[in-house]
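Down below is the structure, laid out as C-alpha cells.
In this note's numbering, the protein residues as written are 214 to 362.
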C-alpha cells in the first residue's frame with residue numbers, strides 16, 4: 214500500500230513538473246524575447262487570441278466544474294446519492310462544453326503550432342491541459358456510472 218501511495222505522489226509531482234516546464238517556457242519567451250523573433254512579444258505576425266472570449270468562458274467552466282465535483286464529493290461522503298448524481302452530471306456537462314470550446318478555439322486560432330515559440334507553447338500547454346480534462350471526464354463518467362448502479 215505504501216508503494217502505491219509513493220508511486221501516486223511521484224506521478225503527481227511529474228505532472229506538476231510538466232505544467233511548470235510549459236509555463237516556464239512561455240514566461241521565459243515572453244519576458245525576455247530574443248532577437249530572432251524580433252525582440253518583441255508576441256512575435257511579429259502573431260495575432261493574439263482575446264482573453265475575454267472563449268478563454269474566459271472556459272475558465273468559468275473549469276472553476277464551475279471544480280465547485281460541482283466538490284459538491285459531488287461531499288454528497289457521496291454524506292450518502293446523498295441523488296445529489297451526487299446530479300452534481301456529477303453537471304460536472305460532466307461542464308467538462309464536455311470545455312472540451313468542445315477548446316476544440317473550437319484550436320480550429321479558429323489565427324496561428325498554428327508551427328508558428329514559432331508562441332504557437333508551440335500555446336498549443337502544448339493548452340493541449341496538455343485539455344488532455345487531462347478529457348482523461349478526468351472519462352474517470353468521472355465511470356464514477357457516475359458506478360454511482361448510478
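Every residue gets a Cβ at the ideal spot worked out from N, C-alpha and C, and that includes glycine.
(1) What are the boundary residues of the alpha helix (DSSP H) that includes residue 222?
(2) Drop a sphere of 10 angstroms on the beta-carbon of residue 325, count the other beta-carbons inside from all chains shown, and report buried for 16 or more, exposed for fewer.
(3) What is the rounded straight-line gap between the Cα of residue 247 and the Cα of residue 228?
(4) With burial defined as no fewer than 16 other Cβ atoms inside 10 Å of the residue's Cβ, what is the status of residue 301: buried or exposed?
(5) Do residue 256 and residue 331 have their beta-carbon atoms positioned less than 9 Å apart in this structure?
(6) Can you tell which of 306, 347 and 340 has the C-alpha that lies nearest to the C-alpha of residue 236?
Quick answer:
(1) Position 9 of the chain shown, counting from 1, holds the residue named residue 222. Per DSSP, residue 222 belongs to the alpha helix (DSSP H) from 215 to 244.
(2) Residue numbering aside, residue 325 sits at position 112 when the chain shown is read from its first letter. Residue 325 is exposed by the Cβ-count criterion.
(3) In the chain shown, counting from the first residue as 1, residue 247 sits at position 34. In the chain shown, counting from the first residue as 1, residue 228 sits at position 15. Near 28 Å, if we compare the C-alpha coordinates of residue 228 and residue 247.
(4) Position 88 of the chain shown, counted from the first residue, corresponds to residue 301. It counts as buried.
(5) Working through the chain shown from its first residue, we reach residue 331 at position 118. Working through the chain shown from its first residue, we reach residue 256 at position 43. Yes, these two residues count as a Cβ contact at 9 Å.
(6) Counted from its first residue, the chain shown places residue 236 at position 23. Ranking the options by Cα distance to residue 236, first place goes to 340.
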